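Peer 1:
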Amino acid sequence: MRRVRGDIVVLGAGGKIGPTLAVMAARASREAGVQRRVYAVSRFTRRSAREYLEASGVEVVEADLLEESEWADLPEAPNVLYLAGKKFGTKGQEPLTWVTNAYTPALLAKRYRSSRIVFVSTAQVYDFVHVSTGGATEEGPINPIGEYAMSRLGGERVFQHFASKLGVQAIILRLCYAYELRYGVPLDVALKVWRGEPVSLRVAYVNVIWQGDFSNIALRALERCANSPEVVNVSGPETVSIEWMAREFGRMLGREPVLQGPREDTALLVNTAKCCALFGYPRVPLRKGMEWVAHWVEIGGPTYNAPTHYDVRTGEF
Ligand SMILES: NC(=O)c1ccc[n+]([C@@H]2O[C@H](COP(=O)([O-])OP(=O)(O)OC[C@H]3O[C@@H](n4cnc5c(N)ncnc54)[C@H](OP(=O)(O)O)[C@@H]3O)[C@@H](O)[C@H]2O)c1
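In case it helps, this note's numbering puts the sequence shown at residues 2 to 318.
1) Quick check on this structure: which residue in R51, R175 and R44 has the alpha carbon closest to the alpha carbon of D65?
2) DSSP three-state call for P199: helix, strand or coil?
3) Taking only heavy atoms of ligand 1 into account, decide whether any of them is closer than 7 Å to the Cβ of L167.
4) Under 8 Å, do L188 and Y83 count as touching if we go by C-beta distance?
5) Please state whether DSSP places F45 in a helix, a strand or coil.
6) Answer yes or no: do L220 and M25 have a C-beta to C-beta separation smaller than 8 Å?
7) Using the Cα positions of L67 and P258, report the straight-line distance between them to the nearest angstrom.
8) Name the DSSP beta bridge partners of V241, please?
9) Can you tell which of Q212, Y305, N234 and S57 has its C-alpha closest to the C-alpha of R28?
10) For V132, does the three-state DSSP call read helix, strand or coil?
11) Between S242 and ligand 1, is the CB less than 7 Å from at least one heavy atom?
12) Report yes or no: do three or more beta-carbon pairs, one from the region 98-111 and one from the region 145-160, lie closer than 8 Å?
13) Below 7 Å, is the gap between the Cβ of I9 and the nearest heavy atom of ligand 1?
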């Protein structure tokens, strides 16, 4: 945050990642002794996100990124992180999903053509791969399953087109399952174990990363923005077995997990070797994050009530 020059805008800042990422940027800047404004742009459907940001020294800008006319009034800044997207509720609202995920990236590249842009996409653009492969590398196999995933690949391609045409400095991060105490695959599994509900092994392997580690990487990625944006998979380094996770939570929570087969050997998995080489290993080891999540479940901590549906194989969300 000391090396990166200028203000920061986080677009789509009202969701699960945006608020803590924007606050991390503001706090890190303060601690680095850097004077800068951090703006959080969203519709703020969740009002508590807005209040949290305002209380933490982030400047809140309410805007609907689907309204072209609103882009011109967004704050000027040399650093932009793009987090807006639509996943859940895609089924039945396919046009809204496509316009959000595949059209707004064109507006983004045009409006912020002179800025560095960290474009957050998803690992859903890949195909399911056999667990023995160690996950999809940035080269593929690309094969988005379902309209949500297709629209995200569309967004990447549209953004790449305009970034190249307009000479935008950018990087594309394909995130695979961030988690923290209020949501994520570990919380989904821990809650099932706690409640005695079956844990599906239909998707039996995942990659996950502590949300704070993702935010840390996303902010440091500003320094890697360049013409012809590179693509980097972002997640934890380990291929996590859902069965192992359920059994660990069972031990931590004093419950016997109920595992539900059949177990499939292909899953949405990413190879994070490039990410780890560029940004280092995550600071929060998986086992530590799981202990925090187990404790959270035990004390009945609040959640977003937003299951990841990590076990969906049809691409329907
Ligand atoms: N969390 C994960 O594990 C994960 C994994 C892979 C990829 N990703 C991607 O990473 C990004 C951030 O993740 P997240 O978990 O924070 O997603 P999220 O909870 O869905 O947040 C995205 C936010 O974008 C905002 N947004 C959507 N359409 C908008 C519009 N037209 N105008 C203004 N704001 C709009 C929404 O906030 P408002 O309602 O306030 O507008 C929404 O809450 C998303 O693109 C997501 O798909 C996340």
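Note that CB positions come from ideal geometry on N, CA and C, so glycine has one too.
Predicted, not measured: the structure shown is a model, and the values here were computed from it.
Peer 2: Let me lay it out:
1) Closest option to D65, Cα to Cα, is R44.
2) When DSSP states are grouped into helix, strand and coil, P199 belongs to the strand group.
3) Incorrect: L167 has no Cβ contact closer than 7 Å to ligand 1.
4) No. Outside cutoff.
5) Looking at F45 - three-state DSSP - the assignment turns out to be coil, as it is neither helix nor strand.
6) At a Cβ-Cβ threshold of 8 Å, L220 and M25 count as neighbours.
7) Cα-Cα distance, rounded: 44 Å.
8) Answer by DSSP bridge pairing, in chain order: V207.
9) Closest by alpha carbon: S57.
10) Helix.
11) Annotation for S242 indicates a beta carbon at 7 Å or more from all heavy atoms of ligand 1.
12) Look at the beta carbons and you see the region 98-111 touching the region 145-160: at least three pairs across the two are nearer than 8 Å.
13) No, the beta carbon of I9 sits no closer than 7 Å to any heavy atom of ligand 1.
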